[in-house]
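Start counting the sequence shown at 129; every next residue gets the next number (my numbering). Working notes, structure below.
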Amino acid sequence: MRELHSFSDEKLARRFVNVLQSRKMPAHVDQENDQWVLWIENDDHRVTARELLATFQSDPDSAEFSEAEKTVRELEKAAQQASKARQRLNIDIRDRWRGAWWKTCPATILMIMFSMLVVGVCTNWKSDRKVMGVIPTTCNDETSVLRNALFIQAPVYFLPAPDGDVALFEPPSLMKTIRKGQIWRFVTPIFLHFHFLHILFNMMWLRDLGSRVEFMRGTRRFLLLVIIIAAVSNVAQFLWAGHYGLPFASEAARFGGMSGVVFGLIGYTWMKGKTQPHHGLGMSPDQIVWSIFWMLLCIGGGFGNVANTVHVVGFLTGIVLGVRQAFWKRFADIMRPADDESLV
């Protein structure tokens with residue numbers, strides 16, 4: 129560090145410091161009696177700084193030097209914003225590692241809580257209906273406003289029956305749902321579960337996979353992932369059941385469950401581990417084999433009437449989303465001109 133010059137005017141001294149800093153030459157000023165001493169911090173800048181000083185002394189009020197003050201203020205503001213951003217990031221990371229669910233995986237836990245709330249509110253607990261004669265049914269209140277607001281298509285009529293009214297649906301039509309502005313219905317069937325094992329296994333998988341993905345990838349990215357998987361798989365199930373899967377197309381909307389999202393998270397986590405392991409996600413080969421075996425068992429009818437299209441499409445959607453970033457990076461590397469590669 130070397131003394132460069134002494135100013136009798138503080139304003140000029142500080143202006144010249146700004147000029148130097150705007151040109152990436154660190155400097156500072158100290159008061160000594162009635163003088164303001166300017167110090168250059170890097171000896172390599174001394175010659176350039178002296179040449180600039182001569183120009184500055186000839187016309188310190190020129191537009192060039194006045195603009196330097198504005199440049200330095202902008203640089204200081206940007207540095208302050210960057211410092212605040214780093215501080216917020218440090219706080220966020222520290223809070224996430226403390227382990228409280230509202231810091232680590234709030235969306236996952238809220239999804240579980242809402243799914244359980246739906247079961248509690250939309251179930252006729254007096255009903256003695258059971259799945260396979262053993263498992264008590266849930267979300268079986270055909271007239272429940274909440275339940276019918278979560279189906280991908282709203283029921284239009286309730287048919288009186290000895291054990292309670294039965295909700296009837298129109299033939300499947302995505303456009304009717306869109307025209308009514310009820311876009312949420314493409315996602316909300318994930319919160320409907322129709323017996324105890326249905327919600328138990330889905331919530332166990334969601335708690336394990338969802339919390340892991342949300343923790344590593346962030347809540348906003350996790351929610352977007354869930355919305356995309358849910359919407360794509362639910363629409364696919366709706367269209368398939370309406371055109372191919374059911375003898376009564378009007379019943380195509382009568383499905384629900386988190387399993388499409390769960391299979392999507394399985395596919396996403398699997399591909400992230402294969403293509404971008406630095407994100408901290410992955411699935412063991414045994415888990416993948418068992419997941420695919422479970423899917424095939426459902427397709428084969430091992431668990432009765434199951435929305436298999438949701439499972440398959442959700443799984444494939446998760447795979448595509450998991451491999452997307454690595455694919456585009458590889459594509460960009462292939463498309464980069466040879467001249468660019470030589471500069472790397």
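Glycine included, every Cβ here is placed at the ideal spot set by N, Cα and C.
When the alpha-carbon of glutamate 192 is set against those of Leu180, Ala460, Leu203, the nearest one is in Leu180. Burial state of lysine 308 is exposed, judged by a 10 Å Cβ sphere holding fewer than 16 other Cβ atoms. Taking a C-beta distance under 9 Å as the contact criterion, leucine 325 and valine 259 qualify as a contact pair. A straight line joining the alpha-carbon of alanine 369 with that of serine 339 spans about 31 Å.
In terms of Cβ geometry, tryptophan 164 and arginine 130 do not form a close pair [threshold 9 Å]. If you draw a straight line from the Cα of tryptophan 333 to the Cα of valine 390, it is about 7 Å long.
Secondary structure note for valine 157: its beta strand (DSSP E) is the uninterrupted segment 155 to 160. Inside the region 249 to 304, DSSP marks whole alpha helix (DSSP H) runs of 4 or more residues at positions 273 to 278, from first to last along the chain. By the neighbour-count criterion, in which a residue is buried when 16 or more other Cβ atoms sit within 10 angstroms of its Cβ, tyrosine 285 is exposed. Going by C-alpha positions, methionine 303 is about 15 Å away from phenylalanine 279. Within the region 313 to 350, complete alpha helix (DSSP H) segments of at least 4 residues are found at 324 to 333, 339 to 345, given in chain order. Methionine 331 is a Cβ neighbour of methionine 386, given a cutoff of 9 Å. Beta-bridge pairing by DSSP links isoleucine 168 to Arg130, Ala155. When rounded, the separation of the alpha-carbon atoms in aspartate 189 and threonine 176 is 20 Å. By the beta-carbon neighbour count (other beta carbons within 10 angstroms, threshold 16), serine 136 is exposed.
Valine 451 sits away from glycine 388, with the two beta carbons spaced by 9 Å or more.
Glutamine 310 carries a coil assignment under DSSP once its states are collapsed to helix, strand and coil.
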